[in-house]
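Peer 1: Residue numbers (the numbering used here): 168 to 628. Yeah, the Cβ is synthetic: ideal placement off N, Cα and C, and Gly gets one too. Please see the structure below; I have some questions.
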Amino acid sequence: MMMTKLRIWGGAGEHGRSCYVFEGKQHRIMLDCGVKKEGTGQYPVFPPQKAKELTTVLLSHAHEDHSMGLPLLYKYGYRGEVWTTKATAEQLGSYFRSWHTYVESRGGELPYGEEDIQSITYRYLEDEVPSGVWHEACPGVRIMWGRSGHLAGAVWYIIEMEGKRLFFSGDYSRESELLAADAPGLCIGEGIDALPECKPKSSLVDISIMDNAYGMDIDPQPVKLERLRVEMEQTLLSGGHVLLPVPAFGRGQELIVWVSEQFPEQAIIVEPDLWHGLKQLIEWKEWLRLEAPARILHVLNSSRVFVPRDVAERISLLERNRATIIVTRDGMMDSPQARWYYQYLSDTRNMMNAMDRRVNMKNSVMLTGHASNGSFGKQLLERADSNDICIARHLIYKVHQGLLDVRRMLKEMPSKQVVLVHAPKLQTDLVRDELIKEGNNRHGGPAREVHSLEPGTMIEV
Ligand SMILES: [Zn+2]
Ligand SMILES: [Zn+2]
């Protein structure tokens, strides 16, 4: 007889539309409800009538691949709350606006209305309980949260329900330049004195949903950053500009701080929304590493950073300065700002002079995150035209977990089952096979069963 289940409505075997339901006899708890940035947008595959049956919804962070499907739940009749952090709720407005723009730019239509967005009611985790402490969310359900180091307001969750324990890593990184991460494994030991009605039988986690967006990749952040530094330096030394397209919140602010420290002589152009994000980030001290506020403040007071108010200011900055670093949204270059900069940088008429052409000056675009099929960024990467005066490169800034991170998390968080998520199926299969080969699936190993799943599947917990 099957009592507890985990349903995958999106996010496993793919990048995007993170959506899982932990389902027991009385409770159905949804984790995230995101979208996938392909075509006119893809949504989790749950049948609409399932929305009404949910008892609770927990949101890990503000990125669209975790959050932009939430209004659908209200459209289909969910009347409960969405548990998340204040910082996440504050960022969501900006994501709703850019998701709307994205869908329309692809000739699509949002599957929900403004009234559905307005219907979302939030419950703030920080108001209920500090991180790393158990909290009875409703009778028979206990939750614990902690910072996941991925974005301000981003969290992981441990849930205890009807005698089973689930861990959801959210998007997790312990290698952020600015954000602090809590190690979930250190917190859980405290949970054994559970309320009698939801006390799990062992200290093990029954099932983990674990961020493995980087698949088999094992490079730590310093290796990735050194590669990025070398590539940027090449362009800048030739007198060319470097364009860094980034999401509105998250690695954008981290990269602004990092480039300003790595290239102390260079002028940096930062688009207003990202600059605003940096000013906001310093206010969210509880999400930052101890040394981060001083690093951010240094950039905020820098005389080398310019925030253009309009196109005329952008042009004048680019004409006045050689070898500038430009930081603009969005990470996949679908935004008008990113397109504008690319057009400018790839137009030979905008090169400084004949000398620049002789010394083979080149501009470059550094994509530092996921590039979806069909996005402008992906098209640039695939073009690989050697005559182009603006070259695109793909050099990841780590905000997710690769193989080594998953292995470490499994050691700290021994789980009977683990579902690897956030990467395409074939990449996930490779990691599953590797972990099985290492013996992680045998009794006594960190995880007895490793899964590579797809949307629409369900497993027994
Ligand atoms: Zn994310
Ligand atoms: Zn994500």
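1. With H, G and I counted as helix, E and B as strand and the rest as coil, what does DSSP make of residue 301?
2. Which of helix, strand or coil does DSSP assign to residue 390?
3. What is the residue span of the beta strand (DSSP E) that residue 408 lies within?
4. I'd like to know whether the C-beta of residue 506 is nearer than 8 angstroms to at least one C-beta of chain B.
5. What does the Cβ neighbour count give for residue 337, buried or exposed, with the cut at 16 atoms within 10 Å?
6. Between residue 185 and ligand 2, is there a pair consisting of the residue's CB and a ligand heavy atom that are separated by less than 7 angstroms?
7. Is residue 182 a contact residue of ligand 1, with contact defined as CB to any heavy atom under 7 angstroms?
8. Taking residue 567 as the reference, which of 536, 257, 246 and 584 has the closest Cα?
9. What's the call for residue 364, buried or exposed, on a 16-neighbour Cβ count within 10 Å?
10. Does DSSP put residue 185 in a helix, in a strand, or in coil?
11. May I have the straight-line CA-CA distance separating residue 152 from residue 193, to the nearest angstrom?
12. When you compare each of 170, 179, 172 and 171 to residue 591 by their alpha carbons, which one comes out closest?
13. How many Å lie between residue 186 and residue 304 at the Cα?
14. So is the beta-carbon of residue 477 under 7 angstroms away from any non-hydrogen atom of ligand 1?
15. Specify, as a first and last residue, the run of the alpha helix (DSSP H) that residue 454 falls within.
16. Can you check whether the CB of residue 319 is closer than 8 angstroms to the CB of residue 292?
17. For residue 450 and residue 624, I'd like the C-alpha separation in whole angstroms.
18. Since residue 240 contacts residue 221 with CB under 8 angstroms, what's their CB separation in whole angstroms?
19. Relative to ligand 2, is the shortest distance from any of its heavy atoms to the C-beta of residue 589 smaller than 7 angstroms?
Peer 2: Taking the definition as stated:
1. Indexing the sequence shown from 1 puts residue 301 at position 134. Reduced to three states, the DSSP call for residue 301 is coil.
2. By one-based count along the sequence shown, residue 390 stands at place 223. Three-state DSSP puts residue 390 in a helix.
3. If you number the sequence shown from 1, residue 408 lands on position 241. Looking at the DSSP string, residue 408 is not in any beta strand (DSSP E), and its letter there is neither H nor E.
4. The structure shown contains no chain B; it holds only a single protein chain.
5. For the purposes of this step, residue 337 is identified with residue 170 of the sequence shown, where counting begins at 1. Counting the other CB atoms within 10 Å of its CB gives residue 337 a total of 16 or more, which places it among the buried residues.
6. Working through the sequence shown from its first residue, we reach residue 185 at position 18. Flag set: Cβ of residue 185 near ligand 2.
7. One-based indexing of the sequence shown puts residue 182 at position 15. Set against 7 angstroms, the gap from the CB of residue 182 to the closest heavy atom of ligand 1 is not smaller.
8. As a working note, residue 567 is residue 400 in the sequence shown. Nearest C-alpha to residue 567: 536.
9. By one-based count along the sequence shown, residue 364 stands at place 197. For residue 364, the pLDDT reaches just 47, beneath the cut-off of 50, and the residue's location in the model is therefore unreliable, leaving the point undetermined.
10. Taking the sequence shown and counting its residues from 1, the one referred to as residue 185 is at position 18. The answer is coil: DSSP assigns residue 185 none of H, G, I, E or B.
11. The chain is shown from 168 up to 628; residue 152 falls before or after that span and cannot be answered.
12. Locating residue 591 in the sequence shown gives position 424, where the first residue counts as 1. With distances taken between CA atoms, residue 591 lies nearest to 179 out of 170, 179, 172 and 171.
13. Counted from its first residue, the sequence shown places residue 186 at position 19. Counted from its first residue, the sequence shown places residue 304 at position 137. When rounded, the distance between both Cα atoms is 20 angstroms.
14. Here the question's residue 477 lines up with position 310 in the sequence shown. It does not: the Cβ of residue 477 is nowhere closer than 7 angstroms to a heavy atom of ligand 1.
15. The sequence position of residue 454 within the sequence shown is 287, counting from 1. It is not in any alpha helix (DSSP H) - residue 454 carries neither H nor E in the DSSP assignment.
16. For this step, residue 292 is matched to residue 125 along the sequence shown. For this step, residue 319 is matched to residue 152 along the sequence shown. In this structure, residue 292 keeps its C-beta atom at 8 angstroms or more from the C-beta atom of residue 319.
17. Within the sequence shown, numbered from 1, the residue matching residue 450 stands at position 283. Within the sequence shown, numbered from 1, the residue matching residue 624 stands at position 457. About 41 angstroms.
18. Position 73 of the sequence shown holds residue 240. Position 54 of the sequence shown holds residue 221. Beta-carbon to beta-carbon, residue 240 and residue 221 are separated by about 7 angstroms, close enough to satisfy the 8 angstroms threshold.
19. The sequence position of residue 589 within the sequence shown is 422, counting from 1. Flag set: Cβ of residue 589 near ligand 2.
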